[in-house]
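Working notes, beginning with the structure itself.
The following block contains the structure:
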C-alpha cells in the first residue's frame, strides 16, 4: 500500500538546535548528553535540563527505538497535512532514552502496534538540513 | 492558618448563548459580570480583583478587560494555562483574599470560537517560526491527535474499548438533554458514537467536544463576606494546580497533572474521593474525562473503562460527572474551565430540578489545559456547602 507522506519544510533553527537539524541533513540522529550529570536529552537546549550545566555535548544516536504510542489521523484541515491524511502521528522512545514525536511511514498504518521496533529515516532538504521520521524495523 | 474553608464562591453566571456572532468577547464577559454581580447582590465597584484568560486575548488581556469594564482593581491575574485557567484563578483568588490582597475577585471568560469558525480540534498547530516547536510542527499533530495518542496507549495497556469511551459521550449527552442551554440535546447511543467518523484513531467525532460561543463569571470572596450576600456560599475547601510534559525522562503518558493537583486539593481539604458527591471534570474528549477519574483516585489506573459503565457517572449513579452536559454536549468555546466551577457551585446550592444531584454536599472540580499528549496544566478544587 503506498502511503501519502507529509511534505516537510526546512526546519526553523537556532544555535541551540542547529546541530540536530544538520545531523538530520547527514542522515544522523544527533542527541545531547551532559558530561556533568550524564543526562541524555531531547529536544536540544543550551543547558542541561537536569543540572543546568552549559557544557553540552552532542553524539550520534543509533536511530533505533520503539513505538510508545501512535494514532492514524484522518482529519487535519491545515495544508499541507490535509492532503496527506490518513497519516500516522507517533511517539517513539529511543534506545538512548529520549522520546520523540514523529511520523511512521512506509507501512500499512493498521499493521503498527505499540512496542514495535522502529528505525529513523531522514528526508533531506535543499539547505543541508533534514527532518527525521521512522519506519518499522 | 490553612487556606481551607476561608473563602467561598459567592456569585456565578453562565452566559446562555452558544452562538453569538454579534457579540465581542469583551461584551460577553461584561454581560457575565453583570449576571454574577446580580446573582450575589454586589456591584461592579465592589470588585477589587480581576482574573481572565482567553485564546485570542494576548499579553495584556486582564488590563484590556479592566479598561472595557472601566475598573481599576488592586489585584490582577492573567494566568493563562489553557482551559484550566479559571479553575486556577479560583485557587489564586482564594490565596489573594486570604492574604488580604483582594476582597472581591471577579473571574471572567468569553469567547466567540464557534462564530469565528475556529477549528480548534483539527485546524491548528501548523507551526510558526519557532525553533522550539520545530520538533512537533512537521508531523501534523492536531489537538484531537494529541489526545488520541493517550487513548491509544490506554487501550493498549488496559484493553479499554471504544464502547467504554462512547459511554462517556452518551452520558454527557443525556445530561445535556436536561439542560435547556446546552448546545446538543438530542440523545445519542454508543452505536451513534462508534459510527461517527474517525478523526484520529481511536477517537471518533462524537468522542470530541463541541465548539460553541459562550462565557462565564465567578465571584470569590471571604466566607464571612459571602455569608452576607444573596446566595448560599460555596466554600473552597481545597485547591491545587500542576503541569506535566512529555520529554525528558520518558514519563508515563497516562499519569496526568490531575494526580498532583487533585492530591494537593484533597490534602488541603482533608478529604478524599470517597467524600465527593459529584464531579465537574474537563471533558475536551472522552479520554480526558476517563484518565482524569483515574488520576484523581476515583478508580485505579486502567479501571476507568469499567468505572464509566453501567451508569456510574450519570445522574442517579454513584458519582455523577458533569450534570450540565460538559464540553462534549453543552458548552465549549475553546476553554471551558469556568463552566466546571459554575456548575459545581450551582449543584451545591441546589435547586437545579431534573439535573440536580440529590443531597450534593461536596464537589470535585478538575480542569485540564493544553493537550494531554504534549504538555498540559491541571487545576483542582474541592468545594462544599457551607
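Chains as they are written, first to last, in this note's numbering: chain A, 16 to 152; chain B, 5 to 390. Built from N, CA and C at the ideal position, the CB exists for glycine as well.
Membership of residue 31 (chain A) in any beta strand (DSSP E) is not indicated, and neither H nor E is assigned to it by DSSP. Here the C-alpha atom of residue 361 (chain B) lies approximately 13 Å from the C-alpha atom of residue 329 (chain B).
Pairing residue 159 (chain B) with residue 294 (chain B), the inter-Cα distance amounts to about 12 Å. One alpha carbon belongs to residue 82 (chain A), the other to residue 97 (chain A), and they sit about 24 Å apart. Beta-carbon to beta-carbon, residue 266 (chain B) and residue 384 (chain B) are separated by about 4 Å, close enough to satisfy the 8 Å threshold. The residue from B:207, B:380, B:288, B:350 with its alpha-carbon nearest to that of residue 84 (chain B) is B:380. Not a single CB atom of chain A sits nearer than 8 Å to the CB of residue 308 (chain B). Under the 8 Å criterion on CB atoms, residue 356 (chain B) is classed as non-interfacial with respect to chain A. For the alpha helix (DSSP H) assignment, the uninterrupted runs of no fewer than 4 residues enclosed by the region 119-182 of chain B are, from N- to C-terminal side, 147-162, 166-180.
Contact annotation: residue 342 (chain B) and residue 239 (chain B) have beta-carbon atoms that are not nearer than 8 Å.
Below 8 Å, too few C-beta pairs join the region 41-50 of chain B and the region 20-29 of chain B to call them touching: fewer than three. As DSSP reads the structure, residue 108 (chain A) sits in a beta bridge with A:81, A:114. Between residue 214 (chain B) and residue 321 (chain B), the alpha-carbon positions lie close to 24 Å from each other. Residue pairing by DSSP places residue 88 (chain A) opposite A:102, B:204 in a beta bridge. In the displayed model, residue 343 (chain B) falls within a helix according to three-state DSSP. Chain order gives the chain A residues near residue 204 (chain B) as 86, 87, 88, 89, 90, 104, where near means a beta carbon separation below 8 Å. Of all alpha-carbon atoms in B:244, B:183, B:148, B:308, the one lying nearest the alpha-carbon of residue 350 (chain B) is that of B:183. The DSSP-derived three-state label of residue 248 (chain B) is strand. Using a Cβ distance threshold of 8 Å, residue 269 (chain B) and residue 386 (chain B) count as a contacting pair. Under the criterion of beta carbons closer than 8 Å, residue 30 (chain B) and residue 114 (chain B) qualify as touching, at roughly 7 Å. Here the region 78-93 of chain A makes contact with the region 121-135 of chain B; the two share three or more CB pairs at distances below 8 Å. Of all C-beta pairs linking the region 40-58 of chain A to the region 98-113 of chain A, three or more are shorter than 8 Å, placing the two stretches in contact. Between residue 58 (chain A) and chain B, the shortest Cβ-Cβ separation is below 8 Å. Using a CB distance cut-off of 8 Å, residue 81 (chain A) does not count as an interface residue toward chain B. Within its own chain, the residues whose Cβ lies closer than 8 Å to the Cβ of residue 51 (chain A), once the five positions on either side in sequence are excluded, are 63, 66, 68, 70, listed in chain order. A check of alpha carbon separations from residue 374 (chain B) across B:232, B:281, B:390, B:250 identifies B:250 as the nearest.
Put simply, the region 205-214 of chain B does not touch the region 93-108 of chain B. Fewer than three CB pairs are less than 8 Å apart. Between the C-alpha atoms of residue 123 (chain A) and residue 205 (chain B) there is a straight-line separation of about 14 Å.
Taking 8 Å as the CB threshold, residue 135 (chain B) lines the interface with chain A.
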